[in-house]
Amino acid sequence: MKFPYYKQQDKMDCGPTCLRMMAKYCGRNYSIQKLRTICKITRNGVNLLGLSEAAEQIGFRTIGVKLTIDQLKEVQLPCILHWRQNHFVILYKVKKDRFYIADPADGLITLSYQQFRKNWFSHKELHDGISLLLGTTPEFFEKDQEKRVKSNWWSVLRYFYVYKKLFIQLLIGLTVGSLLSLITPFLTQSLVDIGINTRNLNFVYLILIAQVMLFFGSTSVNFIRSWILLHVSSRINISILTDFLMKLMKLPLSYFETKTTGDIMQRMSDQQKIESFLTGTALNAVFSVFNLVIFIVILAYYNLVIFSVSIISTVLYTGWIVIFLKRRRNLNYKQFDYFSANQSTIIELVSGIQEIKLNNCEQQKRWGWEHVQASLFKFKVKSLALDQFQQAGSMFINQGKNILITFLSVKAVIDGQITLGGMMAIQYIVGQVNSPVEQMLGLIQGYQDAKISLERLNEIHDIEDEESPDRNWVSVMPANKSINIHRLTFRYPGAGNDPVLENINLHIPEGKTTAIVGMSGSGKTTVLKMLLRFFEPEIGEIRVGETRLNQLSFKFWRSQCGTVLQDGFIFADSIAANIAVGDEFPEKEKLEQAIKIANIGDFIEELPFGLQTKIGTAGSGISQGQKQRLLIARAVYKNPHYLFFDEATNALDANNERIIMDNLKEFCRGRTVVVVAHRLSTVSNADNIIVLDKGKIIEEGSHNELTNLRGEYFKLVKNQLELGV
């Protein structure tokens with residue numbers, strides 16, 4: 001049986017997609033979203049351990065092994081292979097040193113022994129590769145499989161339904177255009193049979209005038225159709241994209257932690273593919289079929305033999321093109337590898353030119369590039385040979401058809417079966433039949449691409465919103481605004497990951513400043529992200545007073561929080577808009593206060609347009625220190641009850657840091673502040689200092705208490721604060 005194939009929807013989806021194909025091969029359907037979840041996929045994809053654990057969770061028996069190619073031929077197939085050190089594929093058949101691969105990125109492909117060996121072995125000097133062998137257990141068949149989710153075309157077609165009147169006009173226009181094109185062969189026949197044979201010049205004039213009118217009519221119809229399509233497609237694009245962005249804004253922050261920017265941008269371009277398919281490829285193909293049927297019927301009317309030849313040649317032409325689709329897919333797969341290697345080599349040469357020259361390795365690196373060019377040349381030779389072979393066959397079928405039909409037409413004229421005008425009409429009709437066939441082949445490819453795009457879009461819309469409208473959220477702060485973390489344990493997604501926070505118990509009193517310090521990787525930033533609800537705790541809970549944090553409305557809670565994170569973002573907008581984010585008309589007094597506290601007034605005054613100066617990607621660049629001061633001003637402008645600072649002053653010089661810390665001291669009075677810092681001079685005045693180490697609280701107290709304790713905190717600060725030993 002043919003191996004079931006699914007294309008990966010995201011760049012890092014190869015692991016879950018392989019598992020999806022394996023499950024389908026064994027008779028069970030699973031959605032890609034469920035498999036992503038149980039694989040514990042991250043932005044960097046999934047590792048072999050995560051894939052193994054997920055497979056066992058749905059009822060497979062697994063074992064990860066290193067095998068030689070000879071050993072691989074003896075194991076039970078299909079199995080999952082670790083491919084090119086950064087990808088997963090399925091090997092589902094081996095036959096006479098031909099390896100049949102299901103690649104989630106490139107389709108079903110066949111590789112030679114050398115090609116397979118090059119991609120599977122991680123290093124040239126090694127002679128084995130990594131495999132995940134799978135077998136079903138009784139539990140696999142006992143589990144309730146998910147219902148197969150079909151592509152929900154209605155979710156897109158409803159956008160088109162709004163413009164149904166315009167589509168009716170469009171259909172009428174296309175029908176009229178098709179009918180006008182059908183008149184042309186009859187006019188040609190009349191021109192020859194009546195105008196020329198009877199030498200009636202007036203009739204010729206009449207036919208020519210009719211042809212001119214038909215030209216103007218069909219051109220006008222095409223112009224009107226283009227305007228209608230532009231009007232409809234633009235509005236549909238905006239509607240789909242707007243709804244997509246609205247849905248994207250409602251997704252939980254954890255979703256964006258596991259997706260690359262490229263994946264999200266791909267989904268935004270997917271809607272254009274679907275719209276283009278429905279308004280362009282599909283619509284044209286429908287009328288191509290209509291024209292094809294009409295022209296074929298007219299051919300049958302003129303001559304049944306010519307009709308039969310046209311049908312047979314069309315089938316042969318289509319079959320010839322389809323035969324090459326698989327080989328073209330394999331070439332596209334290799335093309336990606338060769339072009340990627342070529343681009344990477346050039347970038348390496350240009351970027352590393354300094355190191356290349358300093359280490360006198362110009363010749364070695366140039367030879368490496370020439371080796372890539374040799375491989376690329378061989379690929380281009382194969383590609384050209386395939387193109388020419390396919391083209392030769394297509395031309396042979398088309399020209400053979402045309403010559404045969406010309407012969408049959410001429411013979412029919414000589415035998416008196418048709419007129420000379422009828423022969424010319426047949427030649428025109430035969431030419432018109434070729435185009436619909438090519439458009440139908442394009443429709444098949446377009447449908448496949450649009451279907452994949454639709455699955456990606458539907459996947460986004462199927463994810464539950466961060467703030468579900470079906471749940472009653474609390475939008476009032478409790479009287480006691482202290483934060484209590486109780487027995488909190490959390491680990492980032494990904495199989496085999498150790499807990500980042502383990503059994504944390506922490507009290508953050510209202511109106512006080514709490515500082516969190518520790519070595520890099522101790523979990524400081526993760527605590528802040530848990531408080532800001534980037535993620536939900538694996539174990540334990542967070543409370544604000546007596547209210548659980550997960551009961552508070554996300555929007556309401558974040559409205560109470562001002563944040564300065566390490567990777568804070570500066571928008572391509574004016575300075576005023578960057579400080580007063582979300583406030584269309586900034587309040588002057590609040591803006592001035594934020595600028596004063598962040599000590600950024602001097603920088604703004606030096607700019608040509610002051611607060612209205614454009615910064616970010618569309619304006620002038622700013623330094624890292626200026627960026628941090630803008631982020632501090634943004635948090636202050638918000639005037640929140642809670643302030644969360646993550647390395648908020650690490651890019652500032654000592655003078656600016658001292659001024660800002662003094663300003664913030666006054667502003668933070670009566671507010672609940674949590675400060676994460678490496679530069680411990682920013683936390684020495686905190687009411688309470690928490691020392692984290694490997695996700696656990698090891699010390700807690702004021703600066704003086706902890707330094708007198710001479711423990712881990714003392715070791716962290718003795719050099720920075722010049723404490724005695």
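The sequence shown begins at 1 in the UniProt record's numbering and counts up one residue at a time.
A virtual CB, placed ideally from N, CA and C, is assigned to each residue, including glycine.
R533 is the residue among R533, I101 and R327 whose C-alpha sits nearest the C-alpha of E257. Of the residues E459, P586 and A633, the one whose Cα lies closest to the Cα of F603 is A633.
Contact annotation, L187 with I207: C-beta distance approximately 6 Å; criterion of less than 8 Å satisfied. For I168, the enclosing alpha helix (DSSP H) has its first and last residue at K164 to S190. In the three-state reduction of the DSSP assignment, V674 falls in the strand class. A residue is called buried when at least 16 other Cβ atoms come within 10 angstroms of its Cβ; T175 does not meet this threshold and is exposed. The continuous alpha helix (DSSP H) containing H371 extends over residues E362 to I414.
As the crow flies, the alpha-carbon of D583 is around 8 Å from that of A577. One alpha carbon belongs to T682, the other to S522, and they sit about 18 Å apart. The beta carbons of K66 and G129 sit about 7 Å from each other, so the pair counts as a contact at 8 Å. The Cβ-Cβ distance between S468 and E510 does not fall below 7 Å.
Checking the DSSP bridge columns, you'll see H87 partnered with W83. With distances taken between CA atoms, N222 lies nearest to S181 out of F140, H678, P252 and S181. Excluding its 5 nearest sequence neighbours in each direction, L565 has C-beta neighbours in its own chain below 7 Å: D646, listed in chain order. Remark: C-beta atoms of P499 and G695 approach each other more closely than 7 Å. For M519, the closest C-alpha among the options L457, Q364 and I698 is that of I698. DSSP places I418 outside both helix and strand once states are collapsed to three, so it counts as coil. Collapsing the DSSP output to three states places C668 in coil. Put simply, of K247, V675 and L404 the residue whose alpha carbon is nearest the alpha carbon of E466 is K247. By DSSP's assignment, E699 forms a beta bridge with V691.
In the DSSP assignment, S218 falls within the alpha helix (DSSP H) that extends over L201 to K250. Take the alpha-carbon of S112 and the one of V89: they are about 16 Å apart. In the three-state reduction of the DSSP assignment, G540 falls in the strand class, which pools E and B. In this structure, I690 lies near E700, with their beta-carbon atoms less than 7 Å apart.
Per the coordinates, the alpha-carbon of L201 lies some 51 Å from the alpha-carbon of F324. In the structure shown, the three-state DSSP call for L253 is helix. Measuring C-alpha to C-alpha distances from V289 to each of S435, I414, F160 and D415 identifies S435 as the nearest. For Q57, the closest alpha carbon among the candidates T563, K34 and A210 is that of K34.
DSSP assignment within the stretch 486-569 yields the following whole beta strand (DSSP E) runs of 3 residues or more, N-terminal first: 501-508, 513-518, 539-544 and 561-564.
A450 and I274 have their alpha carbons spaced roughly 5 Å apart. In this structure, the CA atom of V413 is about 52 Å from the CA atom of S453.
Secondary structure of A577 (DSSP, three-state): helix.
Rounded to whole angstroms, the gap between the alpha carbons of E666 and L591 is 17 Å. Using a Cβ-Cβ distance cut-off of 8 Å, the stretch 370-384 and the stretch 339-353 are in contact, since at least three pairs of beta carbons, one from each stretch, lie closer than that value. By the neighbour-count definition (other C-beta atoms within 10 Å, threshold 16), F307 is a buried residue. Per DSSP, I356 is one residue of the alpha helix (DSSP H) stretching across I353 to L358.
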